[in-house]
Structures are given as structure tokens and as C-alpha cells.
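First the structure, in the form of C-alpha cells, and then the observations on it.
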Amino acid sequence: MDSFLRKYMLIDTLSLKLNCNKATFIEKFKENVEPSNLSFSPFEAFSGGTKLYKGNLDNSTFKIQKKQQLFNNRRQSPIATGKIIENINDIKLDIEINGITPFMKFFFVFIVFSYLFGFTILLVISFKDTNFAFLPIPFLIVHAAFMIGIPFFIIKSSVKHFKQEMEREFHFWLR
Numbered sequence: 583m584d585s586f587l588r589k590y591m592l593i594d595t596l597s598l599k600l601n602c603n604k605a606t607f608i609e610k611f612k613e614n615v616e617p618s619n620l621s622f623s624p625f626e627a628f629s630g631g632t633k634l635y636k637g638n639l640d641n642s643t644f645k646i647q648k649k650q651q652l653f654n655n656r657r658q659s660p661i662a663t664g665k666i667i668e669n670i671n672d673i674k675l676d677i678e679i680n681g682i683t684p685f686m687k688f689f690f691v692f693i694v695f696s697y698l699f700g701f702t703i704l705l706v707i708s709f710k711d712t713n714f715a716f717l718p719i720p721f722l723i724v725h726a727a728f729m730i731g732i733p734f735f736i737i738k739s740s741v742k743h744f745k746q747e748m749e750r751e752f753h754f755w756l757r
């Protein structure tokens, strides 16, 4: 499954070298990221605070996600998980950006089972009732393609933009 998600760019990796030590990066991370466990909160957009990101930081690993904003039309925000590797005079960040959040996993499982159930019901009705037209079946297939395809492209786009944003932000924090 992981290789499928990587192939279609729903999971991407980023490797950065930053000219600072580990302690400086951890300090800047704590200045710019609100401590959180990254769980879903329906009222997150109404929470106060000036920090744009939420996440957590251990000694050599971190997780970061962009906080939801009230009038932001991009509701999908990937989660970046990274490792901090300290070298002699710089650090290396190995980051994995995952666009499939727990909510999206639930959404895709729910939508696939719903369409399979609907398709099964339509097939049963069409075999029992000879006057039933097969027109709803192609409509259901097209509708399913849109309902699965549109979120797929939104997630793919959000992973790409979040990767660029993380690269910019980490360099900006250390200026």
C-alpha cells in the first residue's frame, strides 16, 4: 500500500541540509510550532494563537501539520514526520509528507463500501425486475469516479504544496 501511495505522490519525501546545530533547530521549532498531538479537532479554526503549525518534537524526531484556519479553502493538510540527523557543522532533516490523514482513510473506506453496496443493490434490482433500466449503473460508476478522483487530486496537490512550504519555512526559521 505504501508503494502505491508513493507512486501516485500521496506520500512524498524531502531531505534538507540546514546550516545550524540541533539545539538551534529545536529552539526555532518550539518557537514556531504549537505543541499538539495532531488529532482532529472540529473547533481548531476558532482556537487562538499566532502559530501557523501544530506538532510535536522528541529528541531527534518531529511531526508537524499546518493548523486549520477559519476561511482557508484548503481543508486538507498533510502530516510531515521527520528525523533530525546532526552532522559536524550542520543538520540533515529526512522528512516524509503523508497526505492520507486518519480522516481521509475513514472517508475512502466509507465511500468505497457505500458505492459497492449501491452497485450491488442496483445489480440485484436489475436482475429481478426486467423493466429496470441499466442507466443508473453507469451513472453510479461515473459518480464514484468523481467522488474518489477529486479528493485524490486535492491530496496530491496538498502534498506537493506542503513539501515546498516546509522547505521554505525551515530555511526562513533559521535566518
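For the sequence shown, the numbering used here assigns the number 583 to the initial residue and increments by one for each residue that follows.
For glycine and all other residues, C-beta sits at the position ideal for the given N, C-alpha and C.
This one's a predicted model, so the numbers in the text were calculated from it and none came from an experiment.
From the options, residue whose alpha carbon lies closest to that of residue i
i	options	result
residue 719	710, 703, 732 and 729	703
residue 683	596, 620 and 610	620
residue 685	586, 664, 594 and 660	660
residue 638	632, 747, 664 and 709	664
residue 635	643, 745 and 617	617
residue 667	748, 749, 584 and 598	598
residue 671	606, 590 and 747	606
residue 678	734, 724, 646 and 722	646
residue 753	583, 589 and 611	611
Residue environment, residue i, which counts as buried when at least 16 other CB atoms sit within 10 Å
i	result
residue 640	exposed
residue 675	buried
residue 594	buried
residue 695	exposed
residue 662	buried
residue 741	buried
residue 748	buried
residue 681	buried
residue 589	exposed
residue 687	exposed
Supposed contact pair residue j and residue i - C-beta distance, whole angstroms, cut 8 Å
i	j	result
residue 737	residue 592	6 Å
residue 673	residue 614	The Cβ separation is near 16 Å, so there is no contact.
residue 716	residue 708	6 Å
residue 596	residue 710	54 Å between Cβ atoms; not a contact.
(request) May I have a chain-ordered list of the alpha helix (DSSP H) segments no shorter than 4 residues that lie completely inside the stretch 683-715? (result) Fully enclosed alpha helix (DSSP H) runs of 4 or longer: 684-710.
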